[in-house]
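*Asks:*
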Ligand code: FAD
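In UniProt numbering, the protein residues as written are 1 to 306.
(1) Residue 217: beta carbon under 7 Å from a heavy atom of ligand 1?
(2) Hey, which unbroken runs of the alpha helix (DSSP H) at 4 residues or more fall wholly within the region 132 to 157?
(3) Return yes when at least one heavy atom of ligand 1 lies under 7 Å from the C-beta of residue 69, else no.
(4) Is residue 226 helix, strand or coil when you go by DSSP?
(5) Touch check for the region 88 to 101 and the region 118 to 129: three-plus C-beta pairs under 8 Å?
(6) Quick check: the region 201 to 218 against the region 253 to 273, are at least 3 beta-carbon pairs closer than 8 Å?
(7) Considering Cα atoms alone, identify which of 150, 159, 99 is closest to residue 127.
(8) Specify the secondary structure class of residue 269 as computed by DSSP and reduced to three states.
(9) What's the gap between the Cα of residue 56 and the Cα of residue 272?
(10) Give, in chain order, every unbroken run of the alpha helix (DSSP H) that is at least 4 residues long and sits entirely within the region 185 to 225.
(11) Would the region 219 to 233 and the region 134 to 141 be scored as touching if the rule is three or more Cβ pairs under 8 Å?
(12) Which residues bound the beta strand (DSSP E) around residue 55?
(13) Mapping the DSSP letters down to three states, classify residue 251 as helix, strand or coil.
(14) Under three-state DSSP, which class holds residue 111?
(15) Comparing alpha-carbon positions, which option in 101, 162, 37 lies nearest residue 190?
(16) With DSSP run on the structure shown, which of helix, strand or coil describes residue 242?
(17) I want to know whether the region 276 to 295 touches the region 56 to 71 - three or more CB-CB distances under 8 Å.
(18) Leaving out five residues on either side along the sequence, give the residues of the same chain with a beta carbon under 7 Å from the beta carbon of residue 269.
(19) In chain order, what residues of the same chain have a beta carbon less than 7 Å from the beta carbon of residue 75, not counting five sequence neighbours either side?
(20) So, helix, strand or coil for residue 275, using DSSP?
(21) Which term fits residue 306, buried or exposed, when burial requires 16 or more other beta carbons within 10 angstroms of its beta carbon?
(22) If you draw a straight line from the C-alpha of residue 155 to the C-alpha of residue 144, how long is it?
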């Protein structure tokens, strides 16, 4: 991990910084990466993205929940998203984080909450993707995912794999045996060299390797990156290898490389925008700044604008 990324993530953990950014953050720039604080605002954002030919995955922000009440409220909030999608006829699925649904309280309780969400996704003929969080939670996340696939089948649920982890090659091989729908990302958390490649070059190389491996296996792959070099390389590879276009989609984050998102749509690719909303946007926002410290300049600029 780069020094600047480490520094941003450490500063972000500071209490004073947390308090200040939480109070003024939306004005400072979080609204560039977050579609609003309410579901209604998020649905309006989805309508605009859909009108541009972009698909969406909605994420009700929140993570590291430490009491059952909050986890149950978060579960209900996700269920409400499916109803809103249906009501407004928008093209979107949903992404969730297990620590928001009680993973750190009790994995069985989290599974119960995911049971409700997955059965709702199935009932609405929609889809839920479980985001991947930091490395101590990876195995628990995969275990819960596997149980849900046993209970509901694999049509309505997918998982995320991070190319910075050494273990991911084995995980993709294993999940590929059941042709699981995977989103492949580089990974957004601060991880030690014991579990993750410290050099970005290795993370990038492994990224391309994992995407090709999963597609060669005939498994649906969400190629989630803003890395234009990697995207260009994969576009050529997809063509050369005649990978059918119903086997993959590109995914990017709301507010990041919007021009590139539209360019891919104009070239005929399926593109989905990960669109977070909600009051609990602080951790998500700081990870976006850490990925690209130039984004901090954008925040500082907003400080001086009326
Ligand atoms: P990088 O090498 O970091 O960036 C490549 C280029 O993209 C940069 O040079 C820059 O031009 C642009 N760029 C990248 N980030 C930004 C930014 N914040 N602002 C502006 N420009 C930027 N991570 C997880 O750990 N778990 C998940 O479940 C997860 N889900 C994700 C879902 C989606 C749809 C996406 C797109 C990412 C997700 N991530 C997740 C985050 C991911 O792991 C990376 O941290 C993030 O995508 C940045 O890496 P990159 O692939 O874009 O490549």
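Beta carbons are placed, not taken as given, at the ideal position from N, Cα and C, and that holds for glycine.
*Replies:* Per the coordinate set shown:
(1) As a working mapping, residue 217 is identified with position 217 in the chain shown. Checking every heavy atom of ligand 1 against the Cβ of residue 217, none is found closer than 7 Å.
(2) 138 to 152
(3) Residue numbering aside, residue 69 sits at position 69 when the chain shown is read from its first letter. Answer for residue 69: no, Cβ out of range of ligand 1.
(4) As a first step, residue 226 must be located in the chain shown, where it is residue number 226. Residue state, collapsed to three classes: coil.
(5) yes
(6) no
(7) Position 127 of the chain shown, counted from the start, is the residue given in the question as residue 127. The option with the nearest alpha carbon to residue 127 is 159.
(8) For the purposes of this step, residue 269 is identified with residue 269 of the chain shown, where counting begins at 1. Three-state DSSP puts residue 269 in coil, outside helix and strand.
(9) Along the chain shown, one-based indexing puts residue 56 at 56. Along the chain shown, one-based indexing puts residue 272 at 272. Whole-angstrom Cα-Cα distance: 5 Å.
(10) 200 to 216
(11) no
(12) In the chain shown, counting from the first residue as 1, residue 55 sits at position 55. Residues 55 to 60.
(13) In the chain shown, the residue the question calls residue 251 occupies position 251. Note: residue 251 maps to strand in three-state DSSP.
(14) Taking the first residue of the chain shown as 1, we reach residue 111 at position 111. Three-state result, residue 111: helix.
(15) Here residue 190 corresponds to residue number 190 of the chain shown, with the count starting at 1. Checked all of 101, 162, 37; the closest Cα to residue 190 is 162.
(16) Here residue 242 is taken as the residue at index 242 of the chain shown, counted from 1. Coil, per DSSP.
(17) yes
(18) Position 269 of the chain shown holds residue 269. Correct list, in chain order: 250.
(19) Position 75 of the chain shown, counted from the start, is the residue given in the question as residue 75. Counting only Cβ-Cβ distances below 7 Å, and skipping sequence neighbours, we find 101, 113, 116, 117.
(20) Start at 1 with the first residue of the chain shown, and residue 275 comes out as number 275. Three-state DSSP puts residue 275 in a strand.
(21) Walking along the chain shown from the start, residue 306 turns up at place 306. Caution is warranted here: a pLDDT of 40 is assigned to residue 306, below 50, making its placement in the model unreliable, and the coordinate value is therefore given only provisionally. Residue 306 comes out exposed.
(22) The residue you call residue 155 lines up with position 155 of the chain shown. The residue you call residue 144 lines up with position 144 of the chain shown. Approximately 16 Å between the Cα atoms of the pair.
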